[in-house]
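Colleague:
Chains as they are written, first to last, in this note's numbering: chain H, 1 to 342; chain A, 1001 to 1342.
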């Protein structure tokens, strides 16, 4: 079993390596790939080190599995090449997610979608991922007709430069110095809230992030009729996305029943005793694999609507952990071996 | 014309004094009141100074107007006493807001509610205030059936201690020191998002802030049937509340029509060219009296729903500015003079 981790020096890539070690992922060899610039760098791997390699036709031969988190451009080119060389690629970029013959898989939600994959499996967007984990038990029990979602997203999903930008701006505010000009985000992110996550493409009045949330949620939950409205907002949090989710079910579902369902579901921890200050926050979620859910309550404006507060670590369950969980499923279910294309 | 400003040394009280001067509020005498502890303190007032007084039966005689922002306890006791002494009290606390014989007034939205007041006028909650300013033109043009709101609220509404708590925690994070224990908020607020604004009372699963938003919005817009779901969230922003508002209208309303309506309405500035990075943020709203609205767009899940991003300065339009505007209306419309009670 040979595993490639592509984009291994990035925030998600390094988390993938960390999660593999935490979960004792059984691999005979793990090879980290990154840009030419990082090739030759050595990465800690328990008692030994791994040497970072650059992508190339020779270098990508002989892998069973390739976990990608290196951006859409790299995935567009190299995911099919790994697949053609016989590996199954689990891709964290958005490039392949909406392709008809690429399953978009959340391990607790739609593992069956892995059947019959064609060498490429997509890992959903982070804000989508944590939401569908929380929604799946509700969908199964009562059906879901409509979602109105507002997000509170951390900066680490954007990458290391965004984390530094938040830090540098916050420091300038704290020290009452002039703020460095925003470079990663279009506006000041420290002590502010930006109703823009990713970009507005081709005159669209929804961002690409909002479009992803809406389209990917439908694909993962297997429901074309599901109505979704998303407002994605970046806030000054380092790690952990929070979401205010208004769920309109098909059948009535009480908050008590919902709490019971979610408490019994895999990958979810219900923290919901608000009178005693118990509800999930981003700081609590950071470093955890579970999706945390609280503030479960009846929406007083609609007798089939519930409100939920859903929090997850965007680098872990929102990206790295799910990729590794999907890899584990592929292995356990014998879905890794395949003949090379042609 | 003698004006009392009660709670004059607090965040909102001092903003009331500032707004009065900016707007050249015509008063013969302005008297700041605060707690016994602050009595005798001198406050800048243009080329002169005002001396802070303590509340007392003698001290409150002879006022035409009393602008209150000193908390519910003080308002409960002293608002009726000022009113009994012949003043009209404009109260920023929540204590009198839902009383049947107390008008709850936003200057641009329901100034007519001032008619026949009985000496007490209430100033709405900050998060409600900015939202109803944005909603009023929509209500008039197309009717409103339902609102699903998620807020992104700054700490200054909680008061100066909360501002310091955010500062101190952020500084500790930036300097990689141990965080001081939270004292004002139940959890870390720096680089976090707390789905709790104010308190959970008597086992209610909505906070008092959420209840206020829901009840006050109905009272101000004069609609008992209006459905509202509110999720109020505190984020690490110093000043300026942001709101993600999903509006279900009675009649169809296009985003273009909505933009046109709001652009023509008083107290609103539409900033809505997201492809060019133009949308409101809390940092931009701070220090401004207008409510800023952007991200106006069709909710793809409902053909009579629009999404809006509404941002306002919680200390100014959300509190002080509206109180002064209400005072101006009372004066202009001859609603100040009244016989003392009995």
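Quick reminder that beta carbons are idealized off the backbone N, C-alpha and C, glycines included.
1) Could you name the residues of chain A that residue 160 of chain H contacts, counting a contact when the two beta carbons are closer than 7 Å?
2) In chain order, what residues of the same chain have a beta carbon less than 7 Å from the beta carbon of residue 1137 of chain A, not counting five sequence neighbours either side?
3) Using a beta-carbon distance cut-off of less than 9 Å, what residues from the region 1173-1196 of chain A approach chain H?
4) Taking beta-carbon pairs under 7 Å, can you tell me which members of the region 1233-1249 of chain A lie near chain H?
5) State the start and end residues of the unbroken beta strand (DSSP E) segment that holds residue 1294 of chain A.
6) Pull up the CB-CB distance for residue 240 of chain H and residue 312 of chain H, whole angstroms please, since I reckon it's below 8 Å.
7) In chain A, which residues lie with their C-beta within 8 Å of the C-beta of residue 281 of chain H?
8) Contact criterion: CB-CB distance below 9 Å. Does residue 1214 of chain A meet it with respect to chain H?
9) Give me the residue from A/1195, A/1041, A/1134 and A/1249 with the minimum Cα distance to residue 1053 of chain A.
10) Output yes or no for whether 9 Å exceeds the beta carbon distance between residue 1131 of chain A and residue 1149 of chain A.
11) Starting from the C-beta of residue 341 of chain H, find all residues in its chain whose C-beta is less than 6 Å away, skip the five residues before and the five after it, and write them out in chain order.
12) When the Cα atoms are used, what is the spatial distance from residue 1114 of chain A to residue 1003 of chain A?
13) Buried or exposed: where does residue 1051 of chain A fall if 16 or more other Cβ atoms within 10 Å of its Cβ makes it buried?
14) I'd like to know if residue 1314 of chain A contacts chain H, where contact means its C-beta is closer than 9 Å to some C-beta of that chain.
15) Between residue 1147 of chain A and residue 1245 of chain A, which are expected to be in contact by the criterion C-beta below 8 Å, what is the C-beta distance as a whole number of angstroms?
16) When the Cα atoms are used, what is the spatial distance from residue 273 of chain H to residue 279 of chain H?
17) Name the one or two DSSP bridge partners that residue 144 of chain H has.
18) Using the C-alpha atoms, what's the distance from residue 189 of chain H back to residue 1285 of chain A?
19) Return the chain-ordered list of same chain residues with a C-beta closer than 6 Å to the C-beta of residue 49 of chain H, the five sequence neighbours on each side being excluded.
20) Would you kindly check if the distance between the Cβ of residue 163 of chain H and the Cβ of residue 346 of chain H is under 9 Å?
21) Of the residues H/79, H/327 and H/63, which one's Cα is nearest the Cα of residue 97 of chain H?
22) Closer than 9 Å, CB to CB, is residue 1294 of chain A near chain H or not?
23) If you follow the beta strand (DSSP E) that residue 1228 of chain A is part of, which residue opens it and which one closes it?
24) Counting only beta-carbon separations shorter than 9 Å, does residue 171 of chain H have a partner in chain A?
25) Are the C-beta of residue 11 of chain H and some C-beta of chain A separated by less than 9 Å?
26) For residue 278 of chain H, which three-state DSSP category applies?
27) If we define contact as Cβ-Cβ less than 9 Å, is residue 1148 of chain A a contact residue for chain H?
28) Going by C-alpha distance, which of H/22, H/296 and H/208 is nearest residue 253 of chain H?
29) At 8 Å on the CB atoms, spell out the chain H contacts of residue 1100 of chain A, in chain order.
30) Please go through the same chain and pick out, in chain order, the residues whose beta-carbon is closer than 7 Å to the beta-carbon of residue 339 of chain H, but skip the five residues on each side of it.
31) Could one say the Cβ of residue 1305 of chain A lies closer than 9 Å to chain H's Cβ atoms, at least one of them?
32) Apart from the five residues just before and just after residue 1062 of chain A, which ones in its own chain have a Cβ nearer than 7 Å to its Cβ?
33) Within its chain, find whatever has a CB closer than 8 Å to the CB of residue 186 of chain H; leave out the 5 residues flanking it on each side and keep chain order.
34) Alpha carbon to alpha carbon, what distance is there between residue 1154 of chain A and residue 1335 of chain A?
35) Going along the chain, which residues of the region 1070-1097 of chain A sit with their C-beta nearer than 8 Å to a C-beta in chain H?
36) Leaving out five residues on either side along the sequence, give the residues of the same chain with a beta carbon under 8 Å from the beta carbon of residue 281 of chain H.
Modeller: Taking the structure as given:
1) Those do not exist, as residue 160 of chain H stays about 16 Å from chain A at its closest Cβ, beyond 7 Å.
2) 1261, 1262 and 1265
3) 1173, 1174, 1175, 1186, 1187, 1188, 1190, 1191, 1192, 1193, 1194, 1195 and 1196
4) 1233, 1235, 1236, 1237, 1238, 1242, 1244 and 1246
5) 1291-1298
6) 7 Å
7) 1187, 1188, 1192, 1193, 1194 and 1195
8) yes
9) A/1041
10) yes
11) Unreliable placement is indicated for residue 341 of chain H, whose pLDDT of 49 sits below 50; the coordinate value is still reported in the next sentence. Closer than 6 Å at the Cβ level, and outside the excluded window around residue 341 of chain H, lie 84.
12) 18 Å
13) exposed
14) no
15) 6 Å
16) 7 Å
17) H/249
18) 14 Å
19) 42
20) Residue 346 of chain H is absent from the structure shown; chain H starts at 1 and stops at 342.
21) H/79
22) yes
23) 1227-1231
24) yes
25) no
26) strand
27) yes
28) H/296
29) Correct list: empty, because the minimum Cβ distance to chain H is about 21 Å.
30) Confidence is the limiting factor: at residue 339 of chain H the pLDDT is only 48, short of 50, which leaves the residue's position unreliable and the question unanswerable from this model.
31) yes
32) 1002
33) 194 and 196
34) 34 Å
35) none
36) 240, 242 and 311
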